[in-house]
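Number of protein chains: 4
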Amino acid sequence: MAKLYFRYGAMNSGKSTLLLQTAHNYEERGMKVILIKPSKDIKADVSIESRLGVNRKVDYLVDDDTSILDIVSNINNVSCILVDEAQFLNPNQVDELLRVTTDYDIPVICYGLRTDFKTNGFPGSIRLLEIAHSIEEMKTICRCGSKATFNARFVNGNLATEGEQVAIDGFDSVTYESMCPKCYFKLRGKVKVLTK
Amino acid sequence: MAKLYFRYGAMNSGKSTLLLQTAHNYEERGMKVILIKPSKDIKADVSIESRLGVNRKVDYLVDDDTSILDIVSNINNVSCILVDEAQFLNPNQVDELLRVTTDYDIPVICYGLRTDFKTNGFPGSIRLLEIAHSIEEMKTICRCGSKATFNARFVNGNLATEGEQVAIDGFDSVTYESMCPKCYFKLRGKVKVLTK
Amino acid sequence: MAKLYFRYGAMNSGKSTLLLQTAHNYEERGMKVILIKPSKDIKADVSIESRLGVNRKVDYLVDDDTSILDIVSNINNVSCILVDEAQFLNPNQVDELLRVTTDYDIPVICYGLRTDFKTNGFPGSIRLLEIAHSIEEMKTICRCGSKATFNARFVNGNLATEGEQVAIDGFDSVTYESMCPKCYFKLRGKVKVLTK
Amino acid sequence: MAKLYFRYGAMNSGKSTLLLQTAHNYEERGMKVILIKPSKDIKADVSIESRLGVNRKVDYLVDDDTSILDIVSNINNVSCILVDEAQFLNPNQVDELLRVTTDYDIPVICYGLRTDFKTNGFPGSIRLLEIAHSIEEMKTICRCGSKATFNARFVNGNLATEGEQVAIDGFDSVTYESMCPKCYFKLRGKVKVLTK
Numbered sequence: 025m026a027k028l029y030f031r032y033g034a035m036n037s038g039k040s041t042l043l044l045q046t047a048h049n050y051e052e053r054g055m056k057v058i059l060i061k062p063s064k065d066i067k068a069d070v071s072i073e074s075r076l077g078v079n080r081k082v083d084y085l086v087d088d089d090t091s092i093l094d095i096v097s098n099i100n101n102v103s104c105i106l107v108d109e110a111q112f113l114n115p116n117q118v119d120e121l122l123r124v125t126t127d128y129d130i131p132v133i134c135y136g137l138r139t140d141f142k143t144n145g146f147p148g149s150i151r152l153l154e155i156a157h158s159i160e161e162m163k164t165i166c167r168c169g170s171k172a173t174f175n176a177r178f179v180n181g182n183l184a185t186e187g188e189q190v191a192i193d194g195f196d197s198v199t200y201e202s203m204c205p206k207c208y209f210k211l212r213g214k215v216k217v218l219t220k
Numbered sequence: 025m026a027k028l029y030f031r032y033g034a035m036n037s038g039k040s041t042l043l044l045q046t047a048h049n050y051e052e053r054g055m056k057v058i059l060i061k062p063s064k065d066i067k068a069d070v071s072i073e074s075r076l077g078v079n080r081k082v083d084y085l086v087d088d089d090t091s092i093l094d095i096v097s098n099i100n101n102v103s104c105i106l107v108d109e110a111q112f113l114n115p116n117q118v119d120e121l122l123r124v125t126t127d128y129d130i131p132v133i134c135y136g137l138r139t140d141f142k143t144n145g146f147p148g149s150i151r152l153l154e155i156a157h158s159i160e161e162m163k164t165i166c167r168c169g170s171k172a173t174f175n176a177r178f179v180n181g182n183l184a185t186e187g188e189q190v191a192i193d194g195f196d197s198v199t200y201e202s203m204c205p206k207c208y209f210k211l212r213g214k215v216k217v218l219t220k
Numbered sequence: 025m026a027k028l029y030f031r032y033g034a035m036n037s038g039k040s041t042l043l044l045q046t047a048h049n050y051e052e053r054g055m056k057v058i059l060i061k062p063s064k065d066i067k068a069d070v071s072i073e074s075r076l077g078v079n080r081k082v083d084y085l086v087d088d089d090t091s092i093l094d095i096v097s098n099i100n101n102v103s104c105i106l107v108d109e110a111q112f113l114n115p116n117q118v119d120e121l122l123r124v125t126t127d128y129d130i131p132v133i134c135y136g137l138r139t140d141f142k143t144n145g146f147p148g149s150i151r152l153l154e155i156a157h158s159i160e161e162m163k164t165i166c167r168c169g170s171k172a173t174f175n176a177r178f179v180n181g182n183l184a185t186e187g188e189q190v191a192i193d194g195f196d197s198v199t200y201e202s203m204c205p206k207c208y209f210k211l212r213g214k215v216k217v218l219t220k
Numbered sequence: 025m026a027k028l029y030f031r032y033g034a035m036n037s038g039k040s041t042l043l044l045q046t047a048h049n050y051e052e053r054g055m056k057v058i059l060i061k062p063s064k065d066i067k068a069d070v071s072i073e074s075r076l077g078v079n080r081k082v083d084y085l086v087d088d089d090t091s092i093l094d095i096v097s098n099i100n101n102v103s104c105i106l107v108d109e110a111q112f113l114n115p116n117q118v119d120e121l122l123r124v125t126t127d128y129d130i131p132v133i134c135y136g137l138r139t140d141f142k143t144n145g146f147p148g149s150i151r152l153l154e155i156a157h158s159i160e161e162m163k164t165i166c167r168c169g170s171k172a173t174f175n176a177r178f179v180n181g182n183l184a185t186e187g188e189q190v191a192i193d194g195f196d197s198v199t200y201e202s203m204c205p206k207c208y209f210k211l212r213g214k215v216k217v218l219t220k
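Residue numbers (our numbering), protein chains in the order written: chain A, 25 to 220; chain B, 25 to 220; chain C, 25 to 220; chain D, 25 to 220.
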C-alpha cells in the first residue's frame, strides 16, 4: 500500500539533497519519478538545488490553484512523486497527495520545513503533520552541537520576531540559522536559569 | 539536555499503557514523576486508565487557564513530567512544556491523539507537532491489517462526518474506530479505484 | 506486504507490556494472534508477565529444535505472530520467522533484549538485527536519566563481568540494572575523563 | 551527552551522500569534522564518493590494527567523527568509537551496510547493531517498489549464494542489487506461495 511521507527538518538539514538522492535511486532502476515544487518558493524557480552542488529541473511547478490530482491523472507509469518545499503547498493539495496514495497507489514523499521563524507551522506542513502516513525527521545541528529544530530569522544580523511568514534567505538582508529551542530562547533573552 | 516528546497515535494504540509503563520505569529507580491531564477529557476524571486494566491517579488536572509553569515551579526533584490526552492542552500550555525542558531541564513526555474524527488536529496536538523536540508514533491497526492513522466516529453505527470535535467514546451512541486512510475513504464512498 | 519487526530494548523497557497491548489491539477487532516464547526463558514458564501486573498464557513454547514453520503451517486465520524474549530464539528460527512474512504474508513482531551483560548480542537478537524488515527501539532510563542501552549484571550487589550468558534476574543473587554506556564504564572504573 | 549512531542501509541507499551532507552541515558552522574510512574498501582509495557526483578526501584511512582512540587523542576541537563503510571496521574499533563518545564527548556517526550478500552481518555492522546508542535506517527500494533490505550479488548476471564476503561492485563481473526479502527468496526459487 502506497504511503504519504513527510520528511521534515530545519533549514540546512539536507532535505533537497535527500530528495535528489531518492530520485536517483528510483531512476537507476528505470523507474519514473516526478518532481513537484510549489511556485511560492521564488528562490529556485524551476530547479531543486542541493547545497552540496547538485541540482535538477522540477517537473511541475504548482500554484495555489493547481490541482495535483489533475497532474497525476495525466501521467503514466509513475513510481514515486517527490515534493520539494512542501510547506508551501496548501492544505487541499496535501489532501490530494494523500488521495494519490490511496486511489492511485503511488507513494508520495514530501520534503519541507516544519515551522517558520516564529515557530508556527506553514499551511502545508501542518496538514502533512496531521495526515501523512509517516513523519520522518531529518536532523541538523545547532551552534551548541544539539539538534536544531527552530529556524531563527535575522535581519541585518538581528534576531527578528515579527515579519511576513515567507522571506527568502539572502534577500533583503534576511538570513536564517537553525537553532535548538534552548539557544533560541537564550538569544531572545528569555531563559531564566532556574534550579530545582 | 531535556526534551519535549510527543508520542502520538490513533485511538487504542496503547498510549495510556505506555505512559503508565514509563512512570513505573522511573519510579522503580526511586525517581519522581508527575502525571498531568487536561480536565477536558471528562471520561476518566482524575485517573489514567489503560485498556489493559491498569490505572492510576493523576497528579494535576489542568484547566484551560492553568499555568503549567506555575505547577512546575512549586514541585521539587521531578525527573519526568508525563501528560495524558495531550491533544486537549491549549497551545500556550504546550509552549510552557517546552520551557520546562529548556529552563528546568526536566524531560516532558506527552501522549495524545494526532487528529479528530474529521482528520483535523486538536489545538494541543498541532502545537506539539510544531515544536516537540521529538515526535514518535505509536502504531495500531486498521480492520484491513494496515496501520491505522485516522479516528473514524460513528453515531448509532453510522459514520459521522459532522459534529463537535470532542465526543467521548461510549456516550450518546458515539463510538470510534481507528482506520487507515484507504479504508476510511472507501467507507465514505470516495475511493474511485483508478488504474494508471 | 507483511514484515518482521524487532522491537528491542534494555531490561525493564516495557517489552512484555507492549506485546500484551499489541495482542489486545488485534483481539478487540476479532483478529487472532499467537504468542510464542522460547523455552530457554525459565522464569515465566508458559506465561508472559508485564511488570505492570498484566499477564497471559503463551500459545507455543518453542525449544531449540522446534520448527516455527511447522507451527504456522498448522494454524489458520492468524493476523499476527508475537514473540516474547526473542533473543533466545536460534538464528534458524529467526530465518523461519522471516519466511512466515514472505511466504504466508503474516506479520511477526519480536520483542527482546539486544545484548547480554557483557554487551554481546544473543543468537536470536543478532539474527533479528541482521534481517528484520524493521528495527524499533523501546527506551528506558539509566540512573543518570539518560537512555539506558546496556544490561549490567550484579552478583550479590557487585558488578559481574564474567559468567554464563543467561542468568535469570532474582535467582542465585543475580540482579540487573539497565544503564547508559557512560555510567556502565564509570562503574567498571574505565572512564578516564579526558578533555580535548 | 555524545552518542554513537549507526545509519545503516542496503547498497545505493545514499549513505555516502548523507555523510557528505552531514560534514557540510557542521563545516558551514565553522565546526570541524573528521572523516574516517576502513582501508578494506579498496574501491575508493582515500575519497568518499556519492553516486550523486559529490566526493571528498578521507582524513584517516584505518587498517585492521589502527587504534581509533590513538587518532582521536591526537586531534583537537573536533565536533563530530564520520565513518564511511563502517561495516569494515573490526569490533574492537567499534568499541573504541563508543569510548570516543563516553570519554571524549564527541558524537560519532557511522554509515554502513547491515549485511552481506548472504544476509550475514559484517564484523563492524554486527558490533554497531549491538552497541550503538542509536540505530537509524536509510531506505532504498527493491525492483518491486517495496523497501530493499538485502544486497543480492550477481556474478556475470547470475545470483551468487557462495563466495567471499567482500567483492567490490564492478570488479570481476560482480554486481549487486538491493532487494526486498520476498523478491530475493523468489529469485532463489524458494518462495512457495502458501495460502492459509
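Glycine included, each C-beta is placed from N, C-alpha and C at the ideal position.
Sequence-distant residues of the same chain with beta carbon closer than 7 Å to residue i, five excluded per side
i	result
Asp87(D)	Ser63
Cys166(C)	Ala172, Ser202, Met203, Cys204, Cys207
Lys220(B)	At Lys220(B) the pLDDT is 48, less than 50, meaning the model places this residue with poor confidence; the figure from the coordinates comes in the next sentence. Closer than 7 Å at Cβ, skipping near neighbours: no residue.
Thr143(D)	Phe174
Asp89(A)	none
Leu85(A)	Lys61, Ser63, Val70
Residue nearest to residue i in terms of C-alpha spacing, selected from the options
i	options	result
Ile159(D)	Asn175(D), Gly145(D), Cys134(D), Arg167(D)	Cys134(D)
Gly38(C)	Val82(C), Arg212(C), Ala47(C), Thr164(C)	Thr164(C)
Cys204(A)	Tyr128(A), Asn100(A), Ala47(A), Gly33(A)	Gly33(A)
Tyr231(C)	Gly145(B), Cys168(B), Gly194(B), Thr139(B)	Within the shown structure, residues of chain C are numbered from 25 to 220, placing residue 231(C) beyond reach of any answer.
Gly77(A)	Tyr84(A), Glu52(A), Phe141(A), Leu42(A)	Leu42(A)
Gln189(A)	Asp140(A), Asp127(A), Leu85(A), Ala47(A)	Asp140(A)
Cβ-heavy atom distance, residue i to the ligand COA, below 7 Å
i	result
Asp94(D)	Looking at this structure, you won't find the ligand COA or any other ligand, since it has none at all.
Sequence-distant residues of its chain with Cβ nearer than 6 Å to residue i (five each side left out)
i	result
Phe30(A)	Cys134, Leu152, Ala156, Ile159
Gln117(B)	Ile92
Leu28(D)	Leu121, Leu122, Thr125, Val132, Ala156, His157
Asn101(B)	Lys56
Same chain, Cβ closer than 8 Å to residue i, five either side skipped, listed in chain order
i	result
Met55(C)	Ser103, Cys104
Ser71(B)	Asn79, Arg80, Lys81, Val82
Ser40(C)	Ile72, Glu73, Ser74, Arg75, Asp108, Tyr135
Phe178(D)	Ala184, Val198, Thr199, Tyr200, Glu201
Leu211(D)	Ala176, Leu183, Met203
Per-residue burial, residue i [other beta carbons within 10 Å of its own, 16 or more giving buried]
i	result
Val107(A)	buried
Asp94(A)	exposed
Ser97(D)	exposed
Glu120(C)	buried
Asn180(A)	exposed
Distance, residue j Cα to residue i Cα
i	j	result
Gly187(C)	Pro115(B)	53 Å
Ser74(D)	Asp196(C)	54 Å
Ala191(A)	Glu154(D)	45 Å
Phe112(D)	Arg123(A)	43 Å
Lys61(D)	Asn175(C)	30 Å
Ile99(D)	Leu59(D)	12 Å
Gly194(B)	Ile130(B)	36 Å
Met25(C)	Phe209(D)	14 Å
Gln45(C)	Ala110(C)	17 Å
Gly148(B)	Val57(C)	35 Å
Glu161(B)	Arg53(B)	26 Å
Ile150(C)	Gly213(A)	49 Å
Arg138(C)	Met35(C)	9 Å
DSSP beta-bridge partners of residue i
i	result
Phe174(B)	Met203(B)
Lys210(A)	Answer is none; Lys210(A) lacks a bridge partner.
Cys134(B)	Phe30(B), Val107(B)
Arg80(A)	Ile72(A)
Ile159(C)	Phe30(C)
Asn182(B)	Val179(B)
Gly145(A)	Thr139(A)
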